[in-house]
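Numbering (the numbering used here), first residue to last: 4 to 229.
For glycine and all other residues, C-beta sits at the position ideal for the given N, C-alpha and C.
This structure is a prediction, so every number in the text was calculated from the model and none was measured.
What follows is a short report on a single structure.
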Amino acid sequence: MTPVMPQLDGRTIAHEQRLPEIYRHLTRLEPGESMVLIAPHEPGMLLRKLLAEFPRCFDWGPLQRGPDAWRWQFTARRPDPRTIAGYLCWDHRRMEDLLHEGTQAARASQWAQARVSLDFYADALLRHADIEDAILFPAYEQLSGGLADSPTAMMRHEHTEVRAAVHDLARAAREAQLAALEAALARLGAVVVEHHTKEEEILFPSMDESMEPAAREALVEQLLLA
Ligand SMILES: [Fe+2]
Ligand SMILES: [Fe+2]
């Protein structure tokens, strides 16, 4: 299992103290270190402030988006220029960690832990596929001039398969059904491993190489805020 990340529960902090306290915790992180912030509402305003005040300093993504708590994972990074591969590969790796944690817990009959990790995994993955579909693939299609052999149609189809498998996986965890969970895992693995490899070895690097640095960074910021 990966080490448990420190958590800051923003719901327990007085409103006027919340932002400085969040900044204090985030800026203590060394590059590569992570924490989880629990917020009482969708943290879009906070994320915009972080981009403005600490540009390039953090990667982030959701673990839970409501209805009563919003959990966001933050990882500090060296403030180098952002790349598409840098951000989306970070998101792939954290999803793999969540899937591994949830699977190990289920196989050890630790169903409460399995449910938490796999619900987080599902939320992270559904959002990841959504932002690729809505922001990344259209940008790629524009860059490639709408070539007939664009790989994005296949990638979108794979996202549909992955979403269905992830719903089955989370349901199997909620129902503590190991056989159903293993079946959903096999279905997921048949698509997601190759899908991520194609993105990481072909799609992301080709976009990073063909975009101007400012446009590339603006696209990553759009992904971060979506
Ligand atoms: Fe994808
Ligand atoms: Fe991806």
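Is residue i helix, strand or coil when you go by DSSP?
i	result
Glu19	helix
Ala229	coil
Asp12	strand
Ser37	strand
Phe207	helix
Met4	Per-residue confidence for Met4 stands at a pLDDT of 43, beneath the threshold of 50, marking its modelled position as unreliable; no derived number is given.
Phe57	coil
Asp133	helix
Of the residues the options, which one's Cα is nearest the Cα of residue i?
i	options	result
Gln116	Arg190, Ala173, Val196	Ala173
Glu224	Arg177, Trp63, Leu40	Trp63
Gln180	Asp12, Pro208, His162, Thr106	Thr106
Val169	Thr155, Glu144, Val195	Val195
Met98	Glu212, Pro154, Gln67, Trp73	Gln67
Leu53	Thr30, Arg74, Ser112, Glu212	Thr30
Asp171	Glu161, Leu188, Thr155, Trp73	Leu188
Asp94	Ala111, Asp126, Pro43	Asp126
In whole angstroms, what is the alpha-carbon distance linking residue i and residue j?
i	j	result
Met4	Met157	Residue placement at Met4 is poorly supported in this model, since its pLDDT is 43, which falls under 50; the coordinates are not used for a value here.
Asp133	Arg159	10 Å
Pro65	Gly47	11 Å
Leu191	Val119	18 Å
Glu45	Gly69	8 Å
Pro9	Ala221	30 Å
Leu40	Phe77	8 Å
Ala218	Pro141	14 Å
Lys201	Leu32	32 Å
Arg96	Arg166	18 Å
Leu50	Leu129	19 Å
His103	His198	18 Å
His28	Gly148	44 Å
Leu91	Glu135	9 Å
Tell whether a beta-carbon distance below 8 Å holds between residue i and residue j.
i	j	result
Met210	Ile16	no
Trp114	Ala55	no
Leu34	Arg59	A quick correction: the sequence has Pro, not Leu, at residue 34. No. Outside cutoff.
Met38	Leu146	no
Leu226	Leu121	no
Pro84	Pro208	no
Which word fits residue i, buried or exposed, when buried means at least 16 other C-beta atoms lie within 10 angstroms of its C-beta?
i	result
Asp2	The requested residue 2 does not occur in the structure, where the chain is confined to residues 4 to 229.
Asp152	exposed
Val7	exposed
Ile205	exposed
Asp100	buried
His18	exposed
Gln12	This sequence places Asp at residue 12; Gln is not what is there. The residue in question, Asp12, is exposed, as its Cβ has fewer than 16 Cβ neighbours within 10 Å.
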